[in-house]
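Single-structure report; data block below.
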Amino acid sequence: MLKYYSYLLIVSIMLLIGACSPNPEKSQLFSNDGMTGVNQENPSYRPNKGTEIYEDQNPNLLNIGERRTQNSIGSSQGMLRSVVNEDERFEAGMIYTNGRKAYVHVHPKEKYGQEDLSKYRAQLNKKLKQAVPRYEVILRVRNQK
Numbered sequence: 001m002l003k004y005y006s007y008l009l010i011v012s013i014m015l016l017i018g019a020c021s022p023n024p025e026k027s028q029l030f031s032n033d034g035m036t037g038v039n040q041e042n043p044s045y046r047p048n049k050g051t052e053i054y055e056d057q058n059p060n061l062l063n064i065g066e067r068r069t070q071n072s073i074g075s076s077q078g079m080l081r082s083v084v085n086e087d088e089r090f091e092a093g094m095i096y097t098n099g100r101k102a103y104v105h106v107h108p109k110e111k112y113g114q115e116d117l118s119k120y121r122a123q124l125n126k127k128l129k130q131a132v133p134r135y136e137v138i139l140r141v142r143n144q145k
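Residue numbers (full-length UniProt numbering): 1 to 145.
Now the structure itself:
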């Protein structure tokens, strides 16, 4: 029993000596807002505070500012129209987007056979999907001349 008490005494003395350090670590100062724990020496973690531009923050709205870093619906439709007009066999008709789908109506400039038309249509469809990959392009050929 004496051995047990001596062991307990030695351990408690070691804990007491170890806990009472002569050089305690300095505690950090915090602002009155204890929920966020923002350090008073650096109240903002944003290095560019006050210089942010918030016009492109909402992905549901079109980009309306001078800095257009992302494509808008209008630029996507313009890209589709330019791809169709670059092809000498087709003329662009109505182009609109609905969600993730882009509907492209084209008119052939000449009258083609069914096999040729399907081949040209597949080539144009591939070009359109490469130009605007975020949309599922639905190509509709209208009114052959």
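For each residue, glycine too, the CB sits at the ideal point set by N, CA and C.
Checklist entry - Along the chain, where does the alpha helix (DSSP H) that runs through Arg121 open and close? => result Element bounds for Arg121: Gln114 to Ala131.
Item to check | Cα-Cα separation between His107 and Asn125, rounded to whole angstroms | outcome: 14 Å
Checklist entry - Within 10 angstroms of its Cβ, does Tyr96 collect 16 or more other Cβ (buried), or is it exposed? => result exposed
Item to check | N- and C-terminal bounds of the beta strand (DSSP E) containing Asn143 | outcome: Per DSSP, Asn143 belongs to no beta strand (DSSP E) and is neither H nor E.
Checklist entry - Should residue 150 be labelled buried (16 or more other beta-carbon atoms within 10 Å of its own) or exposed? => result A question about residue 150 goes unanswered here, because the residues of the chain that appear run from 1 up to 145.
Checklist entry - To the nearest angstrom, how far is it from the Cα of residue 183 to the Cα of Leu128? => result The requested residue 183 is not part of the displayed model; the chain covers only 1 to 145.
Checklist entry - In its own chain, which residues sit with a C-beta less than 7 Å from the C-beta of Lys101, not counting the 5 before and 5 after it? => result Tyr135, Glu136 and Ile138
Item to check | Val11 burial status per 10 Å Cβ neighbour count (16 or more: buried) | outcome: It is exposed - the Cβ of Val11 has fewer than 16 other Cβ atoms within 10 Å.
Item to check | 8 Å contact criterion, which Met79 and Ala122 should meet: CB distance rounded | outcome: With 8 Å as the limit, Met79 and Ala122 do not qualify as a contact, their Cβ atoms being about 19 Å apart.
Checklist entry - So what's Lys111 in DSSP terms, helix, strand or just coil? => result coil
Next on the checklist: Spatial neighbours of Tyr103 within its chain, please: C-beta separation below 6 Å, excluding the five flanking residues on both sides.
Outcome noted: Tyr96 and Ile138
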